[in-house]
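The opening residue of the first sequence carries number 875 in the working numbering; numbering runs sequentially from there. Reviewing the structure listed below.
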Amino acid sequence: MFGVTQEGNSVCCNVHGFEPYFYISCVDGIGPDDVPKLRSTLETRMREANRNSKSQTFVTKIEVVQKRSVMYYQVQKARSFLKIFVGLPTMVAGCRGILEKGINIDGIGQRCFLTYESNVLFALRFMIDCDIAGGNWVELPVGAYQKSSRQLSYCQLELDIHYSKIVSYPAVGQYSKMAPFRILSFDIECAGRKGHFPEPEHDPVIQIANLVTVQGEQRPMVKNVMTLKSCAPIVGADVMSFDTEKEVLLAWKEFVKEVDPDIIIGYNICKFDLPYLIERAEKLDVVEFPILGRIRNSRVRMKDASFSSRQYGIRESKELTIEGRVQFDLLQAMQRDYKLSSYSLNSVSAHFLGEQKEDVHHSIISDLQNGNSETRRRLAVYCLKDAYLPQRLLDKLMYIYNYVEMARVTGVPISFLLARGQSIKVLSQLLRKAKQRNFVLPNVKSQGVVSGESFEGATVLDAKAGYYDKPIATLDFASLYPSIMMAYNLCYCTLVRAEDQHYLRLEPEQVTKTPSGDMFVKPSLEKGILPEILEELLAARKRAKADLKLATDPLEKAVLDGRQLALKISANSVYGFTGATIGQLPCLEISSSVTSFGRQMIDHTKKLVQERFTTANSYSHDAEVIYGDTDSVMVQFGTSDVHEAMELGREAAQQISDTFTQPIKLEFEKVYWPYLLISKKRYAGLLWTKPEKYDKMDTKGIETVRRDNCLLVKNLVTECLHKILIDRDIPGAIQYVKNTISDLLMNRMDLSLLVITKGLTKAGDAYENKAAHVELAERMRKRDAATAPNVGDRVPYVIIKAAKGAKAYEKSEDPIYVLENNIPIDPQYYLENQLSKPLLRLFDPILKNASKELLHGSHTRSVSISTPSTGGIMKFAKKRVSCVGCRTPISEENQILCKHCQGREAELYQKTVSNVRDLEQLFGRLWTECQRCQGSLHQDVLCTSRDCPIFYRRKKAQKDLGEAELQLEKWDF
DNA sequence: AGGATGCTCTAA
DNA sequence: ACTATTAGAGCATCCT
């Protein structure tokens, strides 16, 4: 066990005496007397299967214990199980296999056994049995431990203890404090050959930048960079230069040992930086390099890993074992926790920190390295920033707090949170609770449940699509699925098997028959462990939220907020765990019962609202449910008054809640007004939680929140919704659409607005149909395999002009390639395949003849002649005549304002002047930034970072400035 | 031409 | 050895 003390000293604790084990059920005809025979037979079989093993003993002992399977309700509270102990954790799997397949015992014959808890990872088993949760405080009591006689680790403290003597503290009071982890953030630079992505086989590591921070402190304690060849000094950082690459690598290895970090972070370190260092050291025969962990002389082990889950998709990476140090790759964390269009460090930093990285195009890294100490200094500054940004992200997003709290709540080690999926967290809680109640979990083979066999999910009420100018109240069930499981005591151990229903002779009032036809006993007979877990999670969340309100210390607040979030996520994933057909312990009776209750409840709610809130019951209008999804109903009470709608919503929620079993509760949450309902799962509206003012514009499911639309569509739809819902200016929205379409067709659109991104969810050949992003990825692989997108990456592309009738997958192209080669894009495609349908969906409910008005007006006729050689997009400052006030096109060259805006000259002149000034400033700032980034030596190298926001913003500012200056000139006439 | 199917992404 | 769920919209391609 590795850890850190309150004072910040690293500890290695050699825990003794804890043995791996699992259970089997005692089948008929096998009693306690047969145990020695079983042990010796099993021992022989194990020895046969592992002839080369040096192990003395495989099966160390077998105990008879009184336990009970968690599966199905049983009257008998305990029966005999055999607890089988083995010599090493790796022997569990082999032993399990033999017992499940069948074993021939002398005098008894061939027998198969069901095994229990035989799939629990040894580390988790140990933690569960010792009540240790990931990230919590553990005490080694004075007198119970010995100082180790021989140092096996590099830790500051090394101790020996018997497992039974360890004291674990729940994270309350002083024990909820975060440990002072030492965090190392690092980044490497490699000198790739021109046009190639660096490969450890050929390309040297030239720089390694490091930042060491103690968790909770504002400033890093160490900031340095190790460089190959000389490097000019950098203020605020130690520069260490070396003549050979071997020296750089060894300096870093020593540095890691010296700093002794608890956590190693960085961006893409698990897939790039760490493997690169290891492979490079191998190539250079630096044999002593890969000793980076806390165990003496233990080398880092590396293997290819592929993680696949429905939630996160397929993700390939390398799995490195660095003993005693948690690897926390910010890229992996970002991909798990946030849905973004791009996951480059640059883009992520811009998004969360409003800060960009020093952008050095990979093609000039080698030039900088081969220059002098000044150019290498520039590279080092860049490298340092890449080490600094992950630490900033870690702080900004409260990652340590949130992940440590998640580990504490679910009980798994912190390292599992990034390396494993959701189900291990539920399993960990389930095993802990089962142990308390003397249950054991069966090891079901996934074939037991026919994979692909599915169950019915939630009801989505039909959407009465349209534009609603009256307040729409939303009633929600709070934590619907957890509430259902608690209300009806749904659990593995309360489920009455169909074949048991008869002989158990249960009275109707002792059981619940669920709408899906399954039967569960009530808590009076047996309280379910799932409801118990959920109650504890939700009660703990309530406490955390209450404490959060009282807390004043920002660190304490961070801990509590992380905790309440972890508790919420954990409660919600219990249902998913039971429905995971290829999982640890699927139980579709539970999950389909949950959803069947949910369906019944939403129907019931709709019915009650429409029955009770009527003019016949002396309400001013008849209420109408216009939509609902899973746990919510949208109600039009008919009133035009927001406050009244809120009151009615509260009344309805209260009344209807009373008709449900505790703790199921319907809550009034918010009002939408106005509300645009497009279809199921797609709507927009102004959201009100108080009658005075709306909180924000809320959009669900439509283009504005989807990552696979280009910015042009997103921006246009957002702007239209803003004009329709907030400004209530439909003509303004129409004009805006027309102007945008005109800009598009005139080739005045910035390329960055036309970039579409889609995730590459599987390997190219696994796709049955051809798709634009898949084909492009394949073409890019042929151009340069190293920089082409991989499985799990997002692929950005634009649609370019091609022969008539060409498929979209033949017209997709890499935006950078398009920019560099001046390839013309296809505006018509963007109009017909990207813009038109979303716009029509938006305008159809509020505008008759929307198609004619928006997509076929005169603004669509002024198509510019495409100029393939130069490309429309590169001409940024193009003359155009439109009204300064409202951007309506004007026919006369010298006019500034349209008829409509005349009379506002003074105001609009001021606006133009300040606009030019702002743009000048903006452009100047961006230009300086790009200048600094490119370096004065390389002015001819155009920065074309795929997603450098500055690059696009600078180009945009340049274009806008040109236009604004033109406008200003006109005022002088 | 038009329905079926595959694919991506989101709501809850 | 690993894997939380289903419902649904909307688009492109395939297939007849």
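We put the beta carbon where it would ideally sit given N, CA and C, even for glycine. Because the structure is a prediction, the values reported are computed rather than measured.
Beta-bridge pairing of residue i - partner residues as DSSP gives them
i: residue 1108; result: 1111
i: residue 1386; result: 1394
i: residue 875; result: According to DSSP, residue 875 bridges with nothing at all.
i: residue 1571; result: 1560
i: residue 942; result: 1313
i: residue 1551; result: 1340 and 1557
i: residue 1622; result: Per DSSP, none; premise fails for residue 1622.
i: residue 846; result: Within the shown structure, residues of the chain are numbered from 875 to 1847, placing residue 846 beyond reach of any answer.
i: residue 1036; result: 890
i: residue 1116; result: 1102
i: residue 1714; result: Residue 1714 pairs with nothing; no bridge assigned.
i: residue 1061; result: 1083
i: residue 1252; result: According to DSSP, which records beta bridges pairwise, residue 1252 is partnered with nothing at all.
i: residue 1686; result: 1673
Status (buried if at least 16 other CB within 10 Å, exposed otherwise) for residue i
i: residue 1395; result: buried
i: residue 881; result: exposed
i: residue 1753; result: The predicted position of residue 1753 is uncertain, since its pLDDT is 37 and thus under 50; no value can be drawn from it.
i: residue 1812; result: Note that residue 1812 scores 32 on pLDDT, short of 50, meaning its location in the model is unreliable; the coordinates nonetheless yield the value given after this. Buried, since its Cβ has 16 or more Cβ neighbours within 10 Å.
i: residue 1686; result: buried
i: residue 1205; result: buried
i: residue 1688; result: buried
i: residue 1635; result: exposed
i: residue 1695; result: exposed
i: residue 1741; result: The predicted model places residue 1741 with a pLDDT of 37, which falls under 50 and marks its position as unreliable; any figure quoted below should be read in that light. So residue 1741 counts as exposed.
i: residue 1010; result: buried
i: residue 1837; result: buried
i: residue 1749; result: For residue 1749, the predicted structure reports a pLDDT of 32, less than 50, and the residue's modelled location is therefore unreliable. A value from the coordinates is still provided. Exposed, because fewer than 16 other Cβ atoms sit within 10 Å of the Cβ of residue 1749.
i: residue 1456; result: exposed
i: residue 879; result: exposed
i: residue 1008; result: buried
i: residue 1600; result: exposed
i: residue 1132; result: exposed
Nearest neighbour of residue i, chosen from the options [CA to CA]
i: residue 1639; options: 1664, 1631 and 1632; result: 1664
i: residue 947; options: 1140, 918, 1401 and 900; result: 1401
i: residue 1166; options: 1130, 1774, 1361 and 1447; result: 1130
i: residue 1013; options: 1040, 1462 and 1452; result: 1040
i: residue 1535; options: 1641, 1362, 1679 and 1441; result: 1362
i: residue 1249; options: 1080, 1092 and 1222; result: 1080
i: residue 1481; options: 1727, 1243, 1091 and 1502; result: 1502
i: residue 1209; options: 1188, 1162, 1174 and 1229; result: 1188
i: residue 936; options: 1701, 1054, 1267 and 907; result: 907
i: residue 1116; options: 1109, 1124 and 1110; result: 1124
i: residue 1522; options: 1843, 1345 and 1697; result: 1345
i: residue 1360; options: 1403, 1047, 1385 and 1351; result: 1403
i: residue 1310; options: 1716, 1839 and 1005; result: 1005
i: residue 1511; options: 1486, 951 and 1533; result: 1486
i: residue 1498; options: 1348, 1591, 1258 and 1247; result: 1348
Whole-Å CB distance - residue i paired with residue j, under 8 Å assumed
i: residue 1545; j: residue 1562; result: 4 Å
i: residue 1538; j: residue 1584; result: Actually they do not touch by this definition, with Cβ atoms about 43 Å apart.
i: residue 888; j: residue 1022; result: 6 Å
i: residue 1339; j: residue 1553; result: 6 Å
i: residue 1316; j: residue 943; result: 6 Å
i: residue 964; j: residue 898; result: Not really, about 19 Å apart at Cβ, beyond 8 Å.
i: residue 894; j: residue 966; result: 5 Å
i: residue 1240; j: residue 1066; result: 7 Å
i: residue 1645; j: residue 1671; result: No, residue 1645 and residue 1671 are not in contact; Cβ-Cβ is about 10 Å, not under 8 Å.
i: residue 1432; j: residue 1186; result: The Cβ separation is near 25 Å, so there is no contact.
heavy atom of the ligand MG below 7 Å from residue i C-beta
i: residue 1255; result: Among the components modelled here there is no ligand, and therefore nothing to report on the ligand MG.
**OP:** Examine the Cβ distances between the region 1015 to 1035 and the region 1297 to 1312 and report whether three or more of them are shorter than 8 Å.
**Re:** no
Original post:
Counting pairs of beta carbons, one from the region 973 to 983 and one from the region 994 to 1005, are three or more of them closer than 8 Å?
Top reply: no
Original post:
Can you find at least 3 beta carbon pairs, one from the region 1382 to 1392 and one from the region 1276 to 1293, that sit closer than 8 Å?
Top reply: no
Original post:
Taking three-plus beta-carbon pairs below 8 Å as touching, is the region 1144 to 1163 in contact with the region 1178 to 1198?
Top reply: yes
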